[in-house]
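Quick mapping for you: the protein sequence lines, in order, are chains A and B.
Going by numbering that gives the first Met the number 0, the first residue of the first sequence is number 0, and it counts up by one from there.
Going by numbering that gives the first Met the number 0, the first residue of the second sequence is number 0, and it counts up by one from there.
Where is the CB? At the ideal position from N, CA and C, for every residue including glycine.
Shown next, in structure tokens, is the structure this report addresses.
Protein chains: 2
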Amino acid sequence: MKPQETYQHRIETVLDAILPNAETSTQKLHEAMRYSVLGGGKRVRPLLVYAAGEALGIDADFLDKPAAAIELIHAYSLIHDDLPCMDDDDLRRGKPTSHIAFDEATAVLAGDALQTLAFEILSQPLHGISAKNQLKILHTLTTASGASGMVKGQMIDLGAIGQALTESQLETMHNHKTGALIKASVLMATYCNNTDDDVLLSQRENLAEYADAIGLAFQVRDDILDIQSDTETLGKQQGADSAADKPTYPSILGMDSAKEKLYQLHQKALNSLESFGKEADLLREIAGFIVKRIA
Amino acid sequence: MKPQETYQHRIETVLDAILPNAETSTQKLHEAMRYSVLGGGKRVRPLLVYAAGEALGIDADFLDKPAAAIELIHAYSLIHDDLPCMDDDDLRRGKPTSHIAFDEATAVLAGDALQTLAFEILSQPLHGISAKNQLKILHTLTTASGASGMVKGQMIDLGAIGQALTESQLETMHNHKTGALIKASVLMATYCNNTDDDVLLSQRENLAEYADAIGLAFQVRDDILDIQSDTETLGKQQGADSAADKPTYPSILGMDSAKEKLYQLHQKALNSLESFGKEADLLREIAGFIVKRIA
């Protein structure tokens with residue numbers, strides 16, 4: 000099994016154990032929470048936590064909770080993003096979205112509860128991580144998720160429909176909407192230990208640069224796929240962004256320049272890992288996957 | 000100024016400083032966050048944090064962030080609770096609800112961001128509180144808010160419309176929907192220090208009993224007010240719960256028994272504070288306020 004797959008299997012087990020079991024009084028809530036988290040998704044963010052941990056020689060046991068927490072945040076954001084009052088999407092990862100499979104009220108609450116659960120599992124005592132570092136992990140994830148991170152990006156996104164954005168405005172939106180969580184995945188891993196922070200300072204900077212590059216690359220590739228792929232491969236509606244009149248990299252730069260930008264971001268990501276040896280190979284592999292993925 | 004009012008003024012200032020300023024790109028999001036948090040509400044949960052802190056001799060400076068965090072969680076839950084797909088309420092605290100004053104998408108995102116902000120401010124270094132205790136504060140608030148706390152209560156509530164609940168089922172619902180946060184307010188205060196936990200163990204138990212009693216009393220009084228008050232005094236639609244065919248204490252027990260239950264809960268709250276002297280007077284006052292309030 001390839002390292003990526005090993006960690007993808009690992010995070011499935013971790014998430015399954017963390018999510019609440021079905022229980023009569025709130026069975027539907029728990030089902031909705033499990034439905035949107037389990038059995039789907041590329042697990043890019045957890046993979047990044049594990050891969051950054053590998054690059055720093057951190058045991059995977061110390062990385063499970065942060066890896067799970069960031070996937071819970073991602074899952075909650077997708078549920079709310081798909082709501083009729085937001086993007087109004089019926090299909091996600093090839094399955095009906097939460098408000099279609101359940102109902103809108105359950106989807107809102109399942110999203111709310113998944114966000115809480117992310118912070119709940121990070122506030123329990125974590126094996127191998129000092130309390131101070133645990134607070135840094137929490138702070139990294141909260142700032143990346145909230146009104147100055149992901150939610151800000153979603154808000155800009157909602158306001159951008161039908162607007163002519165410049166490349167720099169588009170980049171600001173994506174840096175918040177998807178980039179913030181991708182960067183947080185990598186940064187959280189740097190706190191998954193008992194050691195003093197300063198030891199890792201230069202490594203943390205390199206990893207942050209890597210994360211910035213692949214975060215943006217992820218979105219450029221997404222925009223290209225929205226135009227060039229098909230609904231079945233994507234597991235969501237092909238052309239949804241163009242149809243919704245959302246600005247994309249190909250629409251602003253043209254397809255050729257968007258592909259050139261993607262190539263340059265890939266190089267930048269690889270360059271930022273120069274000081275690492277083969278322990279960062281999984282990070283390199285993920286950068287390649289993000290740039291070349293077909294769904 | 001009465002102690003209650005002092006703390007009510009204090010929490011306004013704290014919340015104002017914590018909430019994001021208006022900013023061009025996401026001005027609407029920040030406005031919506033501020034709109035639902037500031038300038039309204041009885042601040043019962045922050046008051047309980049400060050009052051429990053007083054009972055334990057803890058400086059109010061150490062209590063500001065936990066007091067603000069629990070109010071942010073409360074505010075987020077009200078925004079989402081009022082959404083068309085949930086209770087579909089147009090009026091809250093005498094003002095249009097968030098999705099009426101802004102729009103549904105903004106209301107969903109403002110609620111999401113307020114939840115995140117609550118955990119963000121608790122994950123920053125907190126003056127006078129050890130990192131271990133800070134994690135306990137976070138864990139207390141997350142477990143009280145999520146799928147085994149407040150959100151569970153909201154889910155039971157949604158499923159209870161038109162159902163004939165027993166008194167014990169109604170109590171389970173309220174213990175989660177409102178009781179969990181009220182208990183968390185008091186418990187969080189017990190961790191706002193650098194001392195060893197065990198010092199406070201018996202005091203924490205007494206305060207937890209107090210919180211359980213007033214949490215339930217709060218809801219019994221709410222149900223009575225829903226029938227006996229008027230819309231202007233309440234600041235929300237009078238009779239909304241009865242009209243929505245939601246089970247209430249007066250509808251299950253009859254009005255006289257509901258009032259008797261309220262009296263007994265008040266006594267229970269006061270009894271649980273017996274081991275405290277006048278330093279717990281504010282807690283006693285709040286119990287009286289909850290039982291006698293008219294809005």
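Partners in chain B for residue i, counting only beta-carbon separations shorter than 9 angstroms
i: A/K131; result: P124, A130
i: A/L82; result: C84, E103, A104, V107
Contact test: residue i Cβ vs the ligand SAM heavy atom, cutoff 7 angstroms
i: B/M0; result: Absence of the ligand SAM is noted for the structure shown, with no ligands found whatsoever.
Within chain A, the residues that residue i reaches when beta carbons sit closer than 9 angstroms
i: B/V150; result: T25, L28, L108, A109, D111, A112, T115
i: B/H173; result: The premise fails here: B/H173 is roughly 13 angstroms from chain A at the closest Cβ pair, so nothing lies under 9 angstroms.
i: B/M32; result: A146
i: B/L215; result: Ordered by position in chain A, no residue passes the 9 angstroms Cβ test against B/L215, which lies about 18 angstroms from the chain.
i: B/R55; result: Rather than Arg, the amino acid found at residue 55 of chain B in this sequence is Leu. Per Cβ cutoff of 9 angstroms: no residues; B/L55 is ~22 angstroms from chain A at best.
i: B/L14; result: What B/L14 touches in chain A: nothing, since even the nearest Cβ is about 14 angstroms away.
i: B/L71; result: In chain order: nothing, as chain A lies at least about 11 angstroms away.
Integer-rounded CB distance, given that residue j should sit under 8 angstroms from residue i
i: A/I78; j: A/A106; result: 5 angstroms
i: B/A109; j: B/S122; result: Not really, about 20 angstroms apart at Cβ, beyond 8 angstroms.
i: A/E278; j: A/E53; result: 6 angstroms
i: B/I251; j: B/L169; result: 6 angstroms
i: A/L28; j: B/A146; result: 6 angstroms
i: B/E119; j: A/T142; result: 6 angstroms
i: B/F61; j: B/N192; result: 7 angstroms
i: B/L137; j: A/L90; result: Wrong, their Cβ atoms sit about 36 angstroms apart, outside the cutoff.
Straight-line gap, residue i to residue j (C-alpha atoms, nearest Å)
i: B/G39; j: B/A112; result: 19 angstroms
i: A/E284; j: B/A130; result: 36 angstroms
i: A/E259; j: A/G253; result: 10 angstroms
i: B/Y190; j: B/L116; result: 20 angstroms
i: B/V36; j: B/P19; result: 12 angstroms
i: B/A100; j: B/S228; result: 25 angstroms
i: A/A51; j: A/V185; result: 6 angstroms
i: B/V43; j: B/I10; result: 11 angstroms
i: A/L199; j: A/A67; result: 23 angstroms
i: B/A127; j: B/T194; result: A quick correction: the sequence has Gly, not Ala, at residue 127 of chain B. Cα to Cα, B/G127 sits roughly 10 angstroms from B/T194.
i: B/M172; j: B/Q153; result: 8 angstroms
i: B/D15; j: B/D280; result: 28 angstroms
i: B/P65; j: A/N270; result: 43 angstroms
i: A/K41; j: A/H8; result: 11 angstroms
i: B/Q162; j: A/K135; result: 45 angstroms
i: A/A151; j: B/R33; result: In the sequence on display, residue 151 of chain A carries Lys and not Ala. Between A/K151 and B/R33, the C-alpha separation is close to 15 angstroms.
i: A/A257; j: A/M149; result: 23 angstroms
i: A/L125; j: A/Q114; result: 19 angstroms
i: B/S167; j: A/A59; result: 44 angstroms
i: B/S201; j: B/K1; result: 29 angstroms
i: A/L140; j: A/A188; result: 11 angstroms
Own chain partners of residue i with C-beta closer than 8 angstroms, once the 5 adjacent residues on each side are dropped
i: A/L261; result: A216, V219, R220, I223, V290
i: A/G56; result: E278
i: B/D156; result: M172, K176, K245
i: B/A212; result: L264, H265, K267, A268, S271, A286
i: A/A207; result: K182, V185, L186
Contacting residues, own chain, Cβ-Cβ under 6 angstroms from residue i (five flanking each side not counted)
i: A/D88; result: D81, T96
i: B/Y6; result: L46, Y49
i: B/L164; result: P246
i: A/I181; result: A210, G214
i: A/I226; result: P249
i: A/N299; result: The requested residue 299 of chain A does not occur in the structure, where chain A is confined to residues 0 to 294.
i: A/S144; result: I72
i: A/D86; result: D80
i: A/V13; result: D63, A67
Proximal chain A residues relative to residue i, where beta-carbon distance stays under 7 angstroms
i: B/G145; result: A112, T115, L116, E119
i: B/L296; result: Chain B is shown only over 0 to 294; residue 296 of chain B falls outside these bounds and no answer can be derived.
i: B/L169; result: Within chain A, no residue comes near B/L169; the closest Cβ sits about 12 angstroms away, beyond 7 angstroms.
i: B/L199; result: None at all; the shortest Cβ gap to chain A is about 18 angstroms.
Residue i: contacting residues in chain B (beta-carbon distance under 7 angstroms)
i: A/Q153; result: L108
i: A/H79; result: V107, D111
i: A/L164; result: Here the premise fails: no neighbours, minimum Cβ distance about 11 angstroms.
i: A/L186; result: Per Cβ cutoff of 7 angstroms: no residues; A/L186 is ~14 angstroms from chain B at best.
Partners in chain B for residue i, counting only beta-carbon separations shorter than 8 angstroms
i: A/T142; result: E119
i: A/P19; result: A146, S147
i: A/L180; result: By Cβ distance, chain B contributes nothing, its closest Cβ being about 12 angstroms from A/L180, past 8 angstroms.
Close beta carbons around residue i, own chain, < 7 angstroms, minus the five adjacent residues each side
i: B/L282; result: A50, A51, A54, Y209, L272
i: A/A159; result: M172, K245, P246
Residue i: contacting residues in chain A (beta-carbon distance under 8 angstroms)
i: B/H138; result: E119, S122, Q123
i: B/L37; result: By Cβ distance, chain A contributes nothing, its closest Cβ being about 15 angstroms from B/L37, past 8 angstroms.
- Which runs of the alpha helix (DSSP H), 4 residues or longer, sit entirely within the segment 104 to 177 of chain A? As far as the segment 104 to 177 of chain A is concerned, its whole alpha helix (DSSP H) runs of at least 4 residues are 130 to 144, 149 to 159, 166 to 173.
- Counting only runs that start and end within the segment 33 to 100 of chain A, where is the beta strand (DSSP E) found for 3 or more residues in a row? Counting only runs of at least 3 residues, the segment 33 to 100 of chain A fully encloses no beta strand (DSSP E) element at all.
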